[in-house]
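Novice: Those protein sequence lines, which keep their order, are chains B and E.
Going by our numbering, the residue at position 149 of the first sequence is 149; the numbering climbs one at a time, nothing skipped.
Going by our numbering, the residue at position 51 of the second sequence is 51; the numbering climbs one at a time, nothing skipped.
The following block contains the structure, expressed as structure tokens.
There are 2 protein chains.
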Amino acid sequence: MYCGLDIGGTKVLGLAIDGPGATEPAASRRAATVYDGETMIETVEAVVAGLESDCGQPMAAVGVGVAGIVDRTGTLRYSPNIPGVFDLPVRARLEADLARPVTVENDATAAVWAEMRVGAGRGRRHVALVSLGTGIGTGFVFDGQLYRGWNGFAGESGHMIIQHGGPEHLTGARGPWEYFASGRGLVRRARELAAAGELADLVAEAGSAEAIDGARVHAALAAGDPAAMGLLDELCRYAGIGVANLVHVLDPELVIISGGVADIGEPLIRGIERWTHAHVLGGDHRPKVRVVAARLGPRAGAFGAALLAAADSAADPIG
Amino acid sequence: MYCGLDIGGTKVLGLAIDGPGATEPAASRRAATVYDGETMIETVEAVVAGLESDCGQPMAAVGVGVAGIVDRTGTLRYSPNIPGVFDLPVRARLEADLARPVTVENDATAAVWAEMRVGAGRGRRHVALVSLGTGIGTGFVFDGQLYRGWNGFAGESGHMIIQHGGPEHLTGARGPWEYFASGRGLVRRARELAAAGELADLVAEAGSAEAIDGARVHAALAAGDPAAMGLLDELCRYAGIGVANLVHVLDPELVIISGGVADIGEPLIRGIERWTHAHVLGGDHRPKVRVVAARLGPRAGAFGAALLAAADSAADPIG
Chain B
1 MYCGLDIGGT
11 KVLGLAIDGP
21 GATEPAASRR
31 AATVYDGETM
41 IETVEAVVAG
51 LESDCGQPMA
61 AVGVGVAGIV
71 DRTGTLRYSP
81 NIPGVFDLPV
91 RARLEADLAR
101 PVTVENDATA
111 AVWAEMRVGA
121 GRGRRHVALV
131 SLGTGIGTGF
141 VFDGQLYRGW
151 NGFAGESGHM
161 IIQHGGPEHL
171 TGARGPWEYF
181 ASGRGLVRRA
191 RELAAAGELA
201 DLVAEAGSAE
211 AIDGARVHAA
221 LAAGDPAAMG
231 LLDELCRYAG
241 IGVANLVHVL
251 DPELVIISGG
261 VADIGEPLIR
271 GIERWTHAHV
281 LGGDHRPKVR
291 VVAARLGPRA
301 GAFGAALLAA
311 ADSAADPIG
Chain E
1 MYCGLDIGGT
11 KVLGLAIDGP
21 GATEPAASRR
31 AATVYDGETM
41 IETVEAVVAG
51 LESDCGQPMA
61 AVGVGVAGIV
71 DRTGTLRYSP
81 NIPGVFDLPV
91 RARLEADLAR
101 PVTVENDATA
111 AVWAEMRVGA
121 GRGRRHVALV
131 SLGTGIGTGF
141 VFDGQLYRGW
151 NGFAGESGHM
161 IIQHGGPEHL
171 TGARGPWEYF
181 ASGRGLVRRA
191 RELAAAGELA
201 DLVAEAGSAE
211 AIDGARVHAA
221 LAAGDPAAMG
231 LLDELCRYAG
241 IGVANLVHVL
251 DPELVIISGG
261 VADIGEPLIR
271 GIERWTHAHV
281 LGGDHRPKVR
291 VVAARLGPRA
301 GAFGAALLAA
311 ADSAADPIG
């Protein structure tokens, strides 16, 4: 068996699979999210041990998906989600401790692989996955192959500037895509509007503008609150601007939307698709790119990491 | 022999080469630029006949590079440079008239291929070419292969929005990269500053703010005019924002700057490189992407089109 872990901003998910052709996980484990490099290594090892206990079998190889820039040696160079972790040789550390092959990959890159193999991207050749979570991550398949770039850092599209000289993001950059179109951006905008006297129902439920969180925004959208629907349309417009940028650069046939924000469902997907088409130049003279929801939901990163570990292990068996 | 043509916004250039391994053109021809589909077809045919006359040999295959979105069948779907041309089957028309294989490609895609084979990109695997001309076009090589995308429309990066809700470009889009960082953007900005009372020397030479053109801006830069150097730094900043966006998305090892604006030379290249590094996130934890000038200058598009025609012809011989 093989396992994959997704080190997310709010939790860690581990999945075990039977092999590289698996379509469903055999077991799953959750853990609290990690805040530094040492707890990250310890957490991975504990989740692997837990999955082995659940399955009654050893894990032959381990895959790890993590937000941030991961180089081709499996070193996490920099992660916005895990402050203080720089140049951590995750693969080397885990292989030394676990004595088996370990694959480390950017989380969105792992997720697009899972969606290609068993999710919304099956049978496609040119796919971009856009994960709208705390930030924005993207993963690409070009000509049927995972695209990693020179260092393995491709797909950091959340940092694309869409408003130069715009508001300062927590990264220090001004006006990056994820400032506007991420889950954090959605909540920030809700609070801004609430502070300006709008979204009265949401403020009443939360108690104050500052107490509005993602769950309350999602609930207001599910209830069809008109003010919240305006907020959603604005989010879709910002998301569509960035997706259209990716369409101009990459010309994918399919864009898969994943991440926590994707839980909003069809109104989000249709809105992003509409705003994407509105921003693509020469739209009457090219096939319209399709925008769809991820099928694997929050499991995509861990599932993809497991599939990559199984595939790497099959291609390059050790021991 | 084989030939390639570059249908540019201000001129048409044709080059003849001996074969797919050519490093220098054997002959060249120029023609006035084209304004509609029929003159485009006629011009290509006239340039091919001229090159055959110059070389005393037939051209076994013809390559055409043209700004705009060209699909995989060689149909020019839409071109910002040739208004009124939509869905023109350039390849089919030329193959019918010329009775030999024709390859039609986006001009920047053709140019990056030439730079990879005989120019600044030799020996590299992940390269982005950024052509700063009237607009901005880009061409990509990923893992050593030309990247075209789903339809063949990849690399329309000049249309990336870098200032949402910003000034309206002639395409109707608000705040695209090429509004700010193209040759047209440079001249527009010079005229704006001149109208506001700056760039006095440039205005005196041109006669009026509105009479400032690209040649005068280039001359002022070559003369080291301090106000013009400020203009250049601003251009480099805008160019660097877009290049950094491409670095975040694609993680290339090398960015090659071509197009008419590249005639400014080293101060432009160094400025773009500096501003690119300033905008790339986590720059202390990743190798710095190199920014270099194209080696083939204005010949890259035609040379690349000829190389692609020769390669396609060798791979798929007809008759």
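Ideal Cβ positions, reconstructed from N, Cα and C, are used throughout, including at glycine.
Everything numeric in this text was worked out from a predicted model, so none of it was measured.
1. Tell me which residue opens and which closes the beta strand (DSSP E) that Ile323 of chain B is part of.
2. Using 10 angstroms around the beta-carbon of Tyr179 of chain B, count the other beta-carbons present and answer buried if the total reaches 16, otherwise exposed.
3. When DSSP builds the beta bridges, which residues end up paired with Leu378 of chain E?
4. For Asp36 of chain B, collect the residues of the same chain with a Cβ closer than 6 Å to its Cβ; drop the 5 residues on either side in sequence, then sort them by chain order.
5. Do Trp113 of chain B and Leu308 of chain B count as a contact pair if the criterion is CB distance below 7 Å?
6. Quick one: is Pro252 of chain B near chain E, going by C-beta distance under 7 Å?
7. List the residues of chain B that His279 of chain E touches, going by C-beta distances under 8 Å, in chain order.
8. Closest Cβ-Cβ distance between Ser157 of chain B and chain E: below 7 Å?
9. DSSP three-state label for Phe153 of chain E, please.
10. Report the three-state DSSP secondary structure of Gly319 of chain E (helix, strand or coil).
11. Please determine, among B:Glu45, B:Gly50, B:Leu132, the residue with the shortest C-alpha to C-alpha distance to Ala64 of chain B.
12. Buried or exposed for Leu170 of chain E, going by 16 or more other Cβ atoms inside 10 Å?
13. Could you tell me whether any Cβ in chain E is nearer than 7 Å to the Cβ of Gly137 of chain B?
14. Roughly how many angstroms lie between the CA atoms of Trp275 of chain B and Thr39 of chain E, to the nearest whole one?
15. Strictly under 7 Å for the Cβ-Cβ distance: is Tyr179 of chain E near chain B by that measure?
16. Counting only Cβ pairs nearer than 7 Å, list the residues of chain B close to Phe303 of chain E.
17. Does the distance from the CB of Val289 of chain B to the CB of Val255 of chain B come in under 7 Å?
18. For Ala228 of chain E, collect the residues of the same chain with a Cβ closer than 6 Å to its Cβ; drop the 5 residues on either side in sequence, then sort them by chain order.
19. Output, in sequence order along the chain, the residues in the segment 238 to 251 of chain E whose CB is closer than 9 Å to any CB in chain B.
20. Out of E:Ala278, E:Phe86, E:Ala67, which one is the CA nearest neighbour of Gly133 of chain E?
21. Quick check on the DSSP output: what are the complete alpha helix (DSSP H) runs of length 4 or more inside the segment 185 to 269 of chain B, in order along the chain?
22. Scan the segment 76 to 107 of chain B for residues whose Cβ lies nearer than 7 Å to a Cβ of chain C and list them as they occur along the chain.
23. Evaluate Pro287 of chain B with the Cβ neighbour count: other Cβ atoms within 10 Å of its Cβ, from every protein chain shown; 16 or more gives buried, anything less gives exposed.
24. Taking the straight line between their C-alpha atoms, what separation do you get for Thr23 of chain E and Val118 of chain E?
25. Less than 7 Å between CB atoms is the rule here; does Ile269 of chain E satisfy it with respect to chain B?
26. For Thr109 of chain B, is the classification buried or exposed, using 16 other Cβ atoms within 10 angstroms of its Cβ as the cut-off for buried?
27. Please confirm if Ala324 of chain E has its CB atom under 7 Å from at least one CB of chain B.
28. Within the continuous beta strand (DSSP E) that includes Thr103 of chain E, where are the two ends?
29. Only counting the same chain, and skipping five residues up and downstream in sequence, which positions put a Cβ closer than 7 Å to that of Thr33 of chain E?
30. What are the complete alpha helix (DSSP H) segments, minimum 4 residues, inside the segment 277 to 319 of chain B?
31. Give a yes or no on whether the minimum CB-CB distance between Ile7 of chain B and chain E is below 7 Å.
32. Assign Asp284 of chain B to buried or exposed, taking buried as 16 or more other Cβ atoms, counted over all protein chains shown, within 10 Å of its Cβ.
33. What in chain B is Cβ-close to Gly282 of chain E, meaning under 7 Å?
34. From the DSSP output, read off the bridge partner residues of Pro176 of chain E.
35. What are the boundary residues of the beta strand (DSSP E) that includes Ile17 of chain B?
36. What are the residues in the segment 208 to 238 of chain B lying within 9 Å of chain E by C-beta distance?
Specialist: This is what the structure gives:
1. Past the boundaries of the shown model lies residue 323 of chain B; chain B is included only from 1 to 319, so the question cannot be answered.
2. buried
3. Examination of residue 378 of chain E is not possible in this model, given that chain E is present from 1 through 319 alone.
4. Gly84
5. yes
6. yes
7. Ile161, Ala173
8. yes
9. coil
10. In this prediction, Gly319 of chain E has a pLDDT of 34, which is less than 50 and means its spatial position is unreliable; what the coordinates show is noted afterwards. Reduced to three states, the DSSP call for Gly319 of chain E is coil.
11. Looking at the sequence provided, one finds Val at residue 64 of chain B rather than Ala. Comparing Cα positions, the closest option is B:Glu45.
12. exposed
13. no
14. 36 Å
15. no
16. By Cβ distance, chain B contributes nothing, its closest Cβ being about 24 Å from Phe303 of chain E, past 7 Å.
17. yes
18. Ala220, Leu221
19. Tyr238, Ile241, Gly242, Ala244, Asn245, Leu246, Val247, His248, Val249, Leu250, Asp251
20. E:Ala67
21. 200 to 206, 214 to 222, 226 to 250
22. In the structure shown, chain C cannot be found, because the protein chains are B and E.
23. exposed
24. 6 Å
25. no
26. buried
27. Since the first residue shown for chain E is 1 and the last is 319, residue 324 of chain E is missing from the structure and cannot be characterised.
28. 102 to 106
29. Gly8, Gly9, Thr10, Lys11, Val12
30. 300 to 315
31. no
32. exposed
33. Ile69, Arg77, Tyr78
34. E:Ile161
35. 11 to 17
36. Arg237, Tyr238
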